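A.B. asks: Numbering (this note's numbering), first residue to last: 44 to 220. Glycine included, every Cβ here is placed at the ideal spot set by N, Cα and C. For clarity, every value in this text was computed on a predicted model and none was experimentally measured.
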Amino acid sequence: MLPAHAKIIMTQQKELFRTLFTKCLQSGHYPEEWKICRLILLEKPAKPSDTAQKYRPICLLDVIGKVFETIINNILLEEIELKGGFNDNQYGFRKGRSTAKKIVDMIQKHRTDIVAMICIDVKNAFNSDDWAIIIKKVIARKVEPGLIEIVGSYLSKRRVRIDNKTTCEVSGAVRQE
44 MLPAHAKIIM TQQKELFRTL FTKCLQSGHY PEEWKICRLI LLEKPAKPSD TAQKYRPICL
104 LDVIGKVFET IINNILLEEI ELKGGFNDNQ YGFRKGRSTA KKIVDMIQKH RTDIVAMICI
164 DVKNAFNSDD WAIIIKKVIA RKVEPGLIEI VGSYLSKRRV RIDNKTTCEV SGAVRQE
């Protein structure tokens with residue numbers, strides 16, 4: 044959800060932002076300024092104060108960059124969907140196909156059967172994604188080259204601002220919504 048001030052500005056300057064995002068998509072360039080996130084640490088209750096587990100790191104991203112991320116994500120998902128790049132049994136991360144919907148479908152289909160289900164929760168799955176593998180997977184799905192270029196630009200040279208002046212490069216992990 045956009046902050047109120049960003050929503051007002053983007054609504055009043057629709058054409059400006061449409062032009063900006065279109066030029067970025069056409070050039071395959073994701074602006075460097077939008078790749079810098081600000082790290083804050085939120086304290087977790089009931090954790091020992093002398094361990095890293097006491098804190099949850101949160102990265103705050105540029106608002107305009109987040110809007111552009113959403114645009115790229117929507118275009119990418121639509122393209123992969125159109126080209127048949129998803130397995131028909133994949134329910135997570137797809138419009139109208141949540142994992143909860145899959146469970147409901149399975150219950151309805153096998154109402155009178157004995158059914159076993161295995162659920163896997165991969166610890167830090169999003170924090171350990173290799174960006175090179177993500178690019179290879181996008182290429183394998185025969186996505187349009189310009190879209191591959193913008194995804195590559197999006198993933199390259201990302202930085203985390205640790206305080207107001209110190210930054211370090213990030214080379215993996217996927218943003219969570």
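#1: Just how far apart, CA to CA, sit Tyr134 and Ala159?
#2: Going by beta-carbon coordinates alone, are Ser196 and Tyr73 separated by less than 8 Å?
#3: Would you grab the beta carbon distance between Lys78 and Arg201 for me? Rounded to a whole angstrom, and I think it's under 8 Å.
#4: Quick check: the Cα distance between Glu86 and Cys102, rounded to an integer number of angstroms?
#5: Could you name the residues of the same chain whose beta carbon sits closer than 6 Å to that of Thr54, not counting the 5 residues immediately before and after it, in chain order?
#6: Considering Ile101, what are the terminal residues of the beta strand (DSSP E) in which it resides?
#7: For Asp156, which of helix, strand or coil comes out of DSSP?
#8: In three-state terms, what does DSSP make of Asp206?
#9: Could you pull the start and end residues of the alpha helix (DSSP H) that Arg184 belongs to?
#10: Would you identify the three-state DSSP class for Asp173, choosing helix, strand or coil?
#11: Output yes if chain B places a C-beta closer than 8 Å to the C-beta of Asp206; else output no.
C.D. replies: Walking through what the data contain:
#1: 18 Å
#2: yes
#3: 5 Å
#4: 14 Å
#5: none
#6: 98 to 103
#7: coil
#8: coil
#9: Here Arg184 belongs to no alpha helix (DSSP H), and DSSP marks it neither H nor E.
#10: strand
#11: No chain B appears in the structure shown, which is made up of a single protein chain.
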